[in-house]
Amino acid sequence: MSTIPINPVLPFLRTDRMPTIWCPGCGIGTTVNCFARALLDSGVDLKHLAIVSGIGCTGRVAGYVKLDSFHTTHGRAIPFATGLKLANPKLNVVVYSGDGDLSAIGGNHLIHAARRNIDIKVICVNNLIYAMTGGQTAPTTPGHVITSTHPYGTFDPNFNLPHLVEAAGAVYVARWTTFHVRQIARSMAEVFKKPGFCFIEILSPCPTLYQRRNKMGDGLDTMKFYKEHSKIKNGVSTSEVGLTRNGDIIVGKFVDRDRSDYLTMAHDQFVEALGDRYVDECAAECCEEGI
Amino acid sequence: MSTIPINPVLPFLRTDRMPTIWCPGCGIGTTVNCFARALLDSGVDLKHLAIVSGIGCTGRVAGYVKLDSFHTTHGRAIPFATGLKLANPKLNVVVYSGDGDLSAIGGNHLIHAARRNIDIKVICVNNLIYAMTGGQTAPTTPGHVITSTHPYGTFDPNFNLPHLVEAAGAVYVARWTTFHVRQIARSMAEVFKKPGFCFIEILSPCPTLYQRRNKMGDGLDTMKFYKEHSKIKNGVSTSEVGLTRNGDIIVGKFVDRDRSDYLTMAHDQFVEALGDRYVDECAAECCEEGI
Amino acid sequence: MAKGSVSIHVERCKACGFCVEFCPTKVLALSSAFNSKGYHPPQMVAPEKCSGCDLCGMYCPDFAIFGYRLNAADSANAPDKEATDAR
Amino acid sequence: MAKGSVSIHVERCKACGFCVEFCPTKVLALSSAFNSKGYHPPQMVAPEKCSGCDLCGMYCPDFAIFGYRLNAADSANAPDKEATDAR
Amino acid sequence: MQLTEIRIAGFGGQGVILSAIVIGKAASIFEGDFATMTQSFGPEARGGACSAQVILSESPVLYPYVTRPDILVVMSQEAYTKFAPELKHGGTLVIEQDLVRVGDLPSGTTVFSCPATRLAEELGKKMVLNIVMVGFYAAVTDLVKPESLRQAVADSVPPAFKELNLKAFDKGFEYGKTHAPGDAATAEESESDVKSLEVH
Amino acid sequence: MQLTEIRIAGFGGQGVILSAIVIGKAASIFEGDFATMTQSFGPEARGGACSAQVILSESPVLYPYVTRPDILVVMSQEAYTKFAPELKHGGTLVIEQDLVRVGDLPSGTTVFSCPATRLAEELGKKMVLNIVMVGFYAAVTDLVKPESLRQAVADSVPPAFKELNLKAFDKGFEYGKTHAPGDAATAEESESDVKSLEVH
Amino acid sequence: MHADPAGVLTGTHFLDGDHACCEGCLAAGARFASGYPITPSTEVVERFASRIPTVGGTFIQMEDELAASICLQGAVWGGAKAFTVTSGPGFSLMMEHIGYAAMTETPCVFVNVQRGGPSTGLPTLPAQADMMQARWGSHGDYGIIAICPNSPQECFDLTIKAFNLSEQYRVPVMVMMDEVVGHMTEKVVIPSADQLDVTPRKHTHKSPADYLPYQCNGDGSLVPEMAHAGEGYKFHITGLTHDERGYPNMTVKVQDQLVRRLCAKIENAKDLVAYEAENLEGADVVVVSYGITSRVAQRAIDQARAQGLKVGKLRLIIAWPFPEKVIRELAPKVKAFVVPELNLGQMVREVERAARGAAKTIHVGHAGGGVHQPEAIVKAIVEANQ
Amino acid sequence: MHADPAGVLTGTHFLDGDHACCEGCLAAGARFASGYPITPSTEVVERFASRIPTVGGTFIQMEDELAASICLQGAVWGGAKAFTVTSGPGFSLMMEHIGYAAMTETPCVFVNVQRGGPSTGLPTLPAQADMMQARWGSHGDYGIIAICPNSPQECFDLTIKAFNLSEQYRVPVMVMMDEVVGHMTEKVVIPSADQLDVTPRKHTHKSPADYLPYQCNGDGSLVPEMAHAGEGYKFHITGLTHDERGYPNMTVKVQDQLVRRLCAKIENAKDLVAYEAENLEGADVVVVSYGITSRVAQRAIDQARAQGLKVGKLRLIIAWPFPEKVIRELAPKVKAFVVPELNLGQMVREVERAARGAAKTIHVGHAGGGVHQPEAIVKAIVEANQ
Ligand SMILES: Cc1ncc(C[n+]2csc(CCOP(=O)(O)OP(=O)(O)O)c2C)c(N)n1
Ligand SMILES: Cc1ncc(C[n+]2csc(CCOP(=O)(O)OP(=O)(O)O)c2C)c(N)n1
Ligand code: SF4
Ligand code: SF4
Ligand code: SF4
Ligand code: SF4
Ligand code: SF4
Ligand code: SF4
Ligand SMILES: [Mg+2]
Ligand SMILES: [Mg+2]
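Protein chains in written order, with this note's numbering: chain U, 1234 to 1524; chain V, 1234 to 1524; chain A, 950 to 1036; chain Z, 950 to 1036; chain B, 13 to 212; chain G, 13 to 212; chain D, 131 to 516; chain W, 131 to 516.
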């Protein structure tokens, strides 16, 4: 064997920043790997693809992916992405962030962007915990779990995120675990082609702060748990996919529906109301390709 | 006829602040009237009833009701109420605010309080607009409506609030219009007795800023519209109760389910984890009845 | 004879017409008189039809009207100070 | 003869074991050797069974391994500079 | 033009602000003088009292608020009660005749009154009463040229309503020219005299 | 006690911080001296390098950071590479023998090495290697009394693990007493000498 | 660069300050606004919402001020000029994102039409009590520019200036209006587009291979060049302390370099001084004011001069960075500074500090809800003169 | 009043500053906390979450800092003593509610463990760059108190003081820690409950009929008495400008009365001065510092004294209100003030202002991420002495 092919995902990564900050057995890297595969396979135009993260372990994804990448403030990736997309509609905009970032402090933006059907793709790595700050309860943490802010076990009920974003208006909703690498990549490739607000939740191990504290072993143990306890149910009602500490994990593509996205609706309304007076130019055009 | 009975609702109001700031034909006052009736009829203990509002025309309700009343900041009535309730569980806490306050800037608190099942009663007067600031689009404004920030007609899709709060976890969800005065009062009386997070949406005319700008007449015209176009469908799936500009208005009690409220869950968890070491005292006890 | 009657706090009324519209027996109409804010408060145009059902009271956004049953009027309730300026 | 092989970037590996566990044909095992961070990277223990399916590569959270088909190895791809330190 | 302070007041929905804009625009845009218009915002929602202030001057206006108006235009009783006391000695009061009853006035006040609502209703649109008032104002005062005011009206309303508003202006102007000048009552006259003025 | 600067370093999960707490607590609570313990936080998540600093003194400690440690305890190669250069001239280096290879060292350094991980494994719980190290440290240095350190161990771990940790302490202490004193290698000796020390 | 005529409403208009500000934004090239309504500022975006579909661009009403204040930054990185508008309570909610804009060097404009505070305060009435907040309201050290119009004409002119400075310095610029100026209607003259100078984005001319997002190039300024998403640069932006590549770097050294540069590019800039001066030469008392208060003060100054007092006038146009040197040099030559503000003592602290005891500093405070009685300022001038 | 023994962990402990702060809260009687995690402050509430179920009370982790910072105020009006804890980015998000607490006179404590900024900055590393924000970060005029511990022991002691002052003045009090102090572990001595003074709520003794929520009673203070929900007072609280009844009142007069009182009750308070002084008498140079920097500075002071310089030390314990009078009176007697801070110039501006040019003011800035090299401070002292 004379030549070794390059690792096909490397061109999508900022290898100068490797190794990543993520712990051994952390699942975030696996999701990024799937993301890179999806970029590869879907042939999406990388020049016009931007990625926006909030703050958290997952929030660091933007920093490892070789795209125009934005590490914003905690919880605000979605409104930042909204501005990016609306000002420059040629961009494909992916939001990649953690469960806490997107559904705790960022919860309002999540539901409002879903309502407006902004054409952004949200990838939520759900490790059921606030990892970066040391393992506090997230809105996704199931009941009876030990966290640093619930040392005697959680009791706050947790969100069923697919259900919530569907109720808010998302047109595409899927859930996988880091065990489901091919399905993740497939879903990601799918949403690049789907206009409107798409949401992919990926359950991911945080051995350091979730599993260990709850005597659930390491990352690999969690992967095995995912393998054993995941049930693929495409199209199932999202009201039935809530998560518990040890229960089955319903995965699959739950929602895939069609609805005009925000910019299309705006365009149609202005055409109707203003006719020829409507100037259909994007905010960024003046500055674009400035070089 | 020798004596005139007193207006039975007056004892519940700060009559020294009347007349209210509300416009002629505004429906907010009608909802307050129903609220007063509910207080009267349900025999709820007024001393231990507190009311919390955000900012807006509806936000002024707290200022007209003779209870311990809190006019907080825009969007934050629910977390304020959460603190009030958790520190002093003997209180019954009602949040009374507008659609914009509760579902735009306050949207995150709305879904999180519903998720936690905090034992507060949320009354949302939905006039489909930001009234107090002059008629801007709210997340509830239906499509193709003229507002000050959508002078060519709205195109942002609107929330279906009952659906959203149900998905977030509310145990009681109802919708009425200001035409349905008896039903409103009945729902209000009902939620005083129902533990957990309850949500009552009341559609209400804003002739000054919504109806007039959209050539929908005055408050009375809107009341007639409500009368003609409301369909009572108790128990219908909340996914089917979205609102459009001129379409039918589905009203009724949509959700009434049982789930332990936040404090009960906390209590049970601590008892289980700590046994006798758990000191089940509320935060406020030290200071209570300070006089 | 009427079974009920209403009490109207003229100065609070903003003439929205809710009470007039939703009185089941059409007892009320807006008067042509002005109150000091320039509004036309309601008046009883068919007092004999009033049942005292208080629906008018429940609809009123300004706490300016309420209905009561006449046989209840002799009950122990103190007179409404607020309401005395009202007729 | 094996249909595929893997390339391992030893220094990036954090020894999570995902690649080992999820290789469908059990080609890999963690070695007893340390990398400079003190982790035991995987090694091929049954190279002949490797199909080059790259599942290992897809699971790897640290971009430290990937699989490829041997018949594809002669293709026009330039050698992976990154990967050369890897075997 | 000497610094002149004007206050226009009424209730929400009467178009008080627009009438102030028209006067300010006429002076500053169409006559090259300076005008500053400010409005009093109530604590909040509409429907309540509403008032606007215009200061006209041949040099830039500094202090933006009216202290003692030279001219007070009132279109509601509440506004009258509230603002009449601030009118400058020797000032001019312009009232909507059917909505305002004049009470005690400082001596030296000149009062002009116009049934603007009625005139507007004659045009089929009660909402143009404000422009009728402006026309009337143009007729009874001479601070700003009627042509400028008329131009300002045309420039300040949506195209679809231009015709109507110009008609309203003309109607008010005409009413002012035929009824008011010369027989403007001053508060030196007895209260009954003022009332008699309202009979116009 | 004179102001003494100690750094303890290793990787996440080794219990570096706890061992620093034990030393600081022993000195400040059980001996009445003063101790200030600080830790270096990486930019974020766990698993990476980890280091703690303890300053012991008979008077209150002001400047909270270690400038040139008198004593350096290292439990990983990375930590060794990073921190060995700052060791004070004539300072003491304590290493986890199986995890750290000693390279060039400033002359005058005294090196003690202990197979703490292996000893901990003998106790059935690898995670107590930090306390084994503390026991060893107690044996080879004499800044803080072994009894105080032992007391601090008991006071710093959850009740369920008290026994185990005390055993770990004793094991490390014993190892130190039997293997290290007297034959502590100094960096004046050749590198191979240091290595031979690791054979203990 | 000249303004794009599409956004320039050339002509003479009778506009209120809020509307004039909106026209300033359009003339400056802003084609994106994200807003959340709040009295007395909403008119700015209401007009923008009405104007922009026929100019080309986007207005979005967001769910809250947190969203509004970051959404516009996304738009800027997408290649637009963008702004948001608010008042006190909303401004408080924007503080985190003002810091983010400063840290990431995102050129953008925040308009604050000041109303009475604290808290909900006086929603429809004026104040000038967010001046210190504009400078210090976000955590950490950073520099910003704040600019204070005193008329609708200036709401137009200075808003353009705000955009220009934001592009020149890559910094958030605050347009600190007040309710009086925002709601006051006056003549506003808008020149033709070719008479309006607009500062273009400091876009890099480098190729992606050579480009480092936070490297200051030899142009002598402390301001790096910018690229936009979608142009192939594949850059990384973060609110963490970062090196020239835009990569997080958690060291004292990089923190020192970065944060000192962020502050110095504003504090040390020579051309960030803008004020209106009158009769400073030979003045005994100098009245320092800004915004609407400068117009009220003018009446007081005129009255005091009529009494024979030698009164100078210094009106701050750019309030931040504070023109420290001007005051410092003036102080030994005058008896006192009189500083009327619609607050209980904010910019006066800067005057006092800069004066270094060389002249008295007398504050004429007003808690807001209206403007000063000119007499109160005259009184202070007379006292100061003693 | 003595502390409630239930919350007092009497004994000698080896605690870090965050944990000591939590014990201070408990000892002060705080039984409610609402929090949102953020490095390096989370340990305070983590410990509270672990301690409170066995003490009696409530901790709730909210969905964001907006919620956390208003939730606790609900708890206060329900009758609890309550606090929240955060760091820079979260502190920025709390600004609106600090204003609300000031406006409604809600006694409560905000703990800010300062990290490097601006923006996300240096999450795990220290700074002291939110000092001006603590004073000025919310819109409008208002007063607050800010207090700066420099050791875990003080994190305990001064947190109690913070609660006590918040009750005495009905004002939000900020405990301005820094990452070093928060994460540093030292001996902390907690006395027995009967040796700890705790200020009870200023609860009204009036009957509901006589009670006006914002009336100052004849006690000479500017602080009204409080009632709680559920006691039958049926009061009304608003963030709008309000009269003594707590009812909205949008007039200049009420605004003036209310806001001046809110500021004056803090700015004019005689007993809000707390500092540590050493060798001020006869000093040529006085080093003014606070928090961790005061300990670093001490080493520098010692070194400078060893060189024979006459160096005084002034450590701010209460930073806001700033002890203006102390500096003003000291200035003519010394050559210079040296002000080291982990920021690029914040409290130094107050020193400079108060000094009125009577002494030089030299700032020793550090952008954060670590502490000063004592040598840098020594150098400044030497220069200042010249
Ligand atoms: C305004 C603000 N509040 C809090 C934080 C602290 N913070 C950083 S990351 C994080 C939680 C991250 O959780 P998640 O989004 O689930 O990401 P993970 O680390 O689990 O991947 C928090 C609370 C912050 N940076 N900014
Ligand atoms: C932080 C903040 N942002 C914005 C506002 C301005 N504001 C006051 S009320 C309101 C909207 C109210 O709408 P809604 O809740 O629907 O009440 P309504 O007036 O319609 O009853 C807004 C945006 C504010 N007071 N505070
Ligand atoms: S702390 Fe958890 S989520 Fe963060 S890198 Fe480690 S394993 Fe992953
Ligand atoms: S503006 Fe609308 S909601 Fe507000 S009081 Fe008037 S009618 Fe009611
Ligand atoms: S009480 Fe009933 S019947 Fe009588 S007027 Fe009122 S609504 Fe009509
Ligand atoms: S409902 Fe009330 S406000 Fe409306 S008209 Fe009747 S009495 Fe008047
Ligand atoms: S390429 Fe496939 S078969 Fe080969 S080692 Fe990887 S997973 Fe196993
Ligand atoms: S999956 Fe990657 S990191 Fe994990 S053991 Fe295999 S090569 Fe190493
Ligand atoms: Mg997470
Ligand atoms: Mg509304």
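Where is the CB? At the ideal position from N, CA and C, for every residue including glycine.
Residue range of the unbroken alpha helix (DSSP H) whose run includes Thr423(W): 422 to 436
| request: Throw me the rounded Cβ distance for the Val318(W) and Ala466(W) pair, which I believe falls under 8 Å. | output: For a cut-off of 8 Å, the C-beta gap from Val318(W) to Ala466(W) is around 36 Å, too long to register as a contact.
Give the residues of chain W in contact with Gln263(D), contact being defined as C-beta atoms less than 9 Å apart. Within chain W, the C-beta atoms nearer than 9 Å to that of Gln263(D) come from Met225, Gln263, Trp266, Gly267, Ser268, His269, Gly270, in chain order.
- request: Name the two residues that bound the continuous beta strand (DSSP E) containing Phe148(G).
  value: From DSSP, Phe148(G) is part of no beta strand (DSSP E) but of the alpha helix (DSSP H) over 141 to 152.
Within the chosen definition, does the region 1345 to 1365 of chain V reach the region 965 to 979 of chain A through at least 3 CB pairs nearer than 8 Å?
-> As far as the Cβ criterion goes, the region 1345 to 1365 of chain V does not touch the region 965 to 979 of chain A, which means the pair count is below three.
Beta-carbon separation (whole angstroms), Thr104(B) vs Ile83(B), contact threshold 8 Å
5 Å
Original post:
What residues in the region 1408 to 1428 of chain U have a beta carbon less than 7 Å from any beta carbon of chain W?
Top reply: none
### Query
Do we get a CB-CB distance below 8 Å when we pair Lys244(B) with the residues of chain D?
A query on residue 244(B) cannot be resolved here, the shown segment of chain B reaching from 13 to 212 and no further.
When Gly24(G), Ser40(G), Ser168(G), Phe181(G) are compared against Lys986(Z), the one with the closest alpha-carbon
Gly24(G)
Could you tell me which residues DSSP puts in a beta bridge with Leu1080(A)? Residue numbering for chain A in the displayed model covers 950 to 1036; residue 1080(A) lies beyond these limits and cannot be assessed.
Fill in: Residue span of the beta strand (DSSP E) that contains Gly1485(V), given as start and end
1482 to 1489
> Interface residues of chain D around Thr1306(V) at Cβ under 8 Å?
Replying inline: Simply Pro219, Ser249, Thr250.
> Going along chain D, which residues have a C-beta under 7 Å from Glu482(W)?
Replying inline: Arg483
Q) Span of the alpha helix (DSSP H) holding Asn177(B)? A) 174 to 191
Can you tell me where the alpha helix (DSSP H) with Asp386(W) in it begins and where it stops? 382 to 397
_Would the region 1323 to 1339 of chain V count as touching the region 187 to 199 of chain D if we require 3 or more Cβ pairs under 8 Å?_
Cβ pair count under 8 Å is three or more, so yes.
- prompt: Where does Ala57(G) sit, in a helix, a strand or coil, going by DSSP?
  reply: Residue confidence is low: Ala57(G) scores 44 on pLDDT, short of 50, so the model does not pin down where it sits. No coordinate-derived value is stated.
Taking C-beta pairs closer than 8 Å, name the residues in chain Z that Gln89(G) reaches, listed in chain order.
Ser985, Gly987
query = Apart from the five residues just before and just after Gln109(G), which ones in its own chain have a Cβ nearer than 7 Å to its Cβ?
reply = Ser125, Cys126, Pro127, Glu210
Note to self: I'd like the list of long-range same chain contacts for Pro504(W), defined as Cβ closer than 8 Å, with 5 residues on each side in sequence excluded.
What the structure shows: Closer than 8 Å at the Cβ level, and outside the excluded window around Pro504(W), lie Val426, Ala427, Arg429, Ala430, Gln433.
Express the C-alpha separation of Glu186(B) and Gly102(B) in angstroms, rounding to a whole number. Taking the straight line joining both Cα atoms gives about 25 Å.
- Using a Cβ-Cβ cut-off of 8 Å, state whether His366(W) counts as contacting chain V. yes
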